[in-house]
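Just so we're aligned, residue 159 is where the sequence shown starts under the numbering used here, counting upward by one.
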Amino acid sequence: MEKYLFKYTTKGPDCSIVGLKRKRGNSSDQIDEIQDYLDCRTITPSEAAWRLLQFDIHRTDPAVERLHVHLPLENNVSYTEDDYLEEVIADPRNAITKLTAWFHANRVYPQARQHTYVEFPEHFTWYADGKYWAPWRNNRAKVGRAANVGPNEGETFYLRMFLHMV
159 MEKYLFKYTT KGPDCSIVGL KRKRGNSSDQ IDEIQDYLDC RTITPSEAAW
209 RLLQFDIHRT DPAVERLHVH LPLENNVSYT EDDYLEEVIA DPRNAITKLT
259 AWFHANRVYP QARQHTYVEF PEHFTWYADG KYWAPWRNNR AKVGRAANVG
309 PNEGETFYLR MFLHMV
């Protein structure tokens, strides 16, 4: 909402094109547009007030944690063309996702059971290197956003709805 409200006041400086031309009688010299025109910056009253009061032009708070939804054993796995497919399939870390780690955190931390999958990033931090959730250690605000799933995806769609409620 904030981004939309201030879209036009923070879109960058307004520009004016100013032409400078010296009258030379009936001279048929070729016009050099690059030389004749200057790109000038205009500071509007709203931008001037915003900058004088030192408000943020944009902010990244709260951060958004993207939460993928998938059925058991249907998670996405990333690999490069140099990786051996057998090793990728055999690697147990590829079976761990934010969703499966959320189920594990609910078993390990009793306070985790109070929060839905989408509320989880507000109280727990995702450690991508270890692929686990842990209780917050800092006070940086974060919100969760479950990936969009259409009704035509059947069980995955209903799982996403269910994860918003439990």
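The beta carbon of each residue, even a glycine, is placed where N, CA and C say it ideally should be.
Have a look at ARG224 and THR274 and give me their C-alpha separation to the nearest angstrom. 14 Å
With distance defined between alpha-carbon atoms, name the residue in MET319, VAL301, GLY302, ARG303 nearest to PRO309. MET319
Taking C-alpha atoms, which residue in PHE261, GLN212, ARG209 lies nearest to LYS289? Of PHE261, GLN212, ARG209, the residue nearest in Cα terms is PHE261.
Quick one: is VAL227 buried, meaning 16 or more other Cβ sit within 10 Å of its Cβ, or exposed? buried
Could you give the residue range of the alpha helix (DSSP H) that holds GLY265? One point to set straight first is that residue 265 is Arg, not Gly, in the sequence displayed. Run containing ARG265: 256 to 266, per the alpha helix (DSSP H) assignment.
- Query: What residues match up with THR366 in a beta bridge as DSSP calls it?
  - Reply: Given a span of 159 to 324 for the chain in the structure shown, any question on residue 366 remains unanswerable.
Discussion item. Which of the three DSSP states is assigned to ALA248 in this structure?
Written reply: helix
Quick one: is LEU229 buried, meaning 16 or more other Cβ sit within 10 Å of its Cβ, or exposed? exposed
Classify ARG209 as helix, strand or coil using the three-state DSSP reduction. helix
| request: Measure the alpha-carbon distance for ILE201 versus ASP219 and round it to whole angstroms. | output: 27 Å
For ALA253, the three-state DSSP class (helix, strand or coil): helix
Practice problem: Determine which residues share a DSSP beta bridge with ARG303 and list them. | Solution: ARG224
ask   = By DSSP, does THR314 sit in helix, in strand, or in coil?
value = In the structure shown, THR314 sits in a helix (DSSP, three-state: H, G or I).
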